[in-house]
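Notes for the one structure printed next.
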Amino acid sequence: MGITLVLFILLVTAVRIFGDCLNSPVERAADSIGFDIVNTSRFPLFISLLSGIAPPSPSGNLAPGSSHHFELQIIFLEDTSADVGYQSIGASVSFTLRNRAFPTYRNPSITDINMSGPITTKSPSSKTLIIANA
Numbered sequence: 003m004g005i006t007l008v009l010f011i012l013l014v015t016a017v018r019i020f021g022d023c024l025n026s027p028v029e030r031a032a033d034s035i036g037f038d039i040v041n042t043s044r045f046p047l048f049i050s051l052l053s054g055i056a057p058p059s060p061s062g063n064l065a066p067g068s069s070h071h072f073e074l075q076i077i078f079l080e081d082t083s084a085d086v087g088y089q090s091i092g093a094s095v096s097f098t099l100r101n102r103a104f105p106t107y108r109n110p111s112i113t114d115i116n117m118s119g120p121i122t123t124k125s126p127s128s129k130t131l132i133i134a135n136a
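Residues 3 to 136 in this note's numbering are what the sequence shown lists, from first letter to last.
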């Protein structure tokens with residue numbers, strides 16, 4: 003047990019020190035987790051906030067009945083997140099796409115959901131958010 007603990011600590015230390023060498027930009031872009039945002043409301047929504055998303059990012063318009071797909075980068079032993087916001091006349095919604103590094107490598111969630119106007123949100127899975135009429 004003691005040797006295993008020491009080896010684990012050395013591994014974590016090596017990854018923290020040499021992480022940039024182990025995760026080249028090409029590997030980082032390929033290692034991501036996808037999220038889908040679906041607009042079933044009557045409002046055309048336009049992206050008003052977008053940070054932390056791996057390219058390519060969706061276009062600015064989320065028409066009624068359509069969806070956007072976002073890829074969030076996964077970095078070994080690090081939590082990652084991206085903020086997304088949409089606005090329309092009389093309605094807005096913002097949220098955070100997250101991946102927690104612990105207890106496993108992939109722990110996606112959609113958190114910090116804020117909305118205003120006659121819309122509501124539903125999350126049928128940890129990687130999907132539906133924007134609907136209130």
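We put the beta carbon where it would ideally sit given N, CA and C, even for glycine.
Query: Whole angstroms is fine: what's the gap from T106's alpha carbon to G54's?; Result: 21 Å
Query: Which same chain residues end up closer than 6 Å to T122 when comparing Cβ atoms and leaving out the 5 residues on each side of it in sequence?; Result: A134, A136
Query: Can the beta-carbon of I112 be found less than 8 Å from the beta-carbon of F45?; Result: no
Query: Exposed or buried, I76, counting other C-beta atoms within 10 Å across all chains shown (16 or more means buried)?; Result: buried
Query: Would the beta-carbon of A93 fall within 8 Å of that of P120?; Result: yes
Query: If we call anything under 8 Å between Cβ atoms a contact, is L74 one with N101?; Result: yes
Query: Compute the Euclidean distance between the alpha carbons of L131 and G4, then round it to the nearest angstrom.; Result: 44 Å
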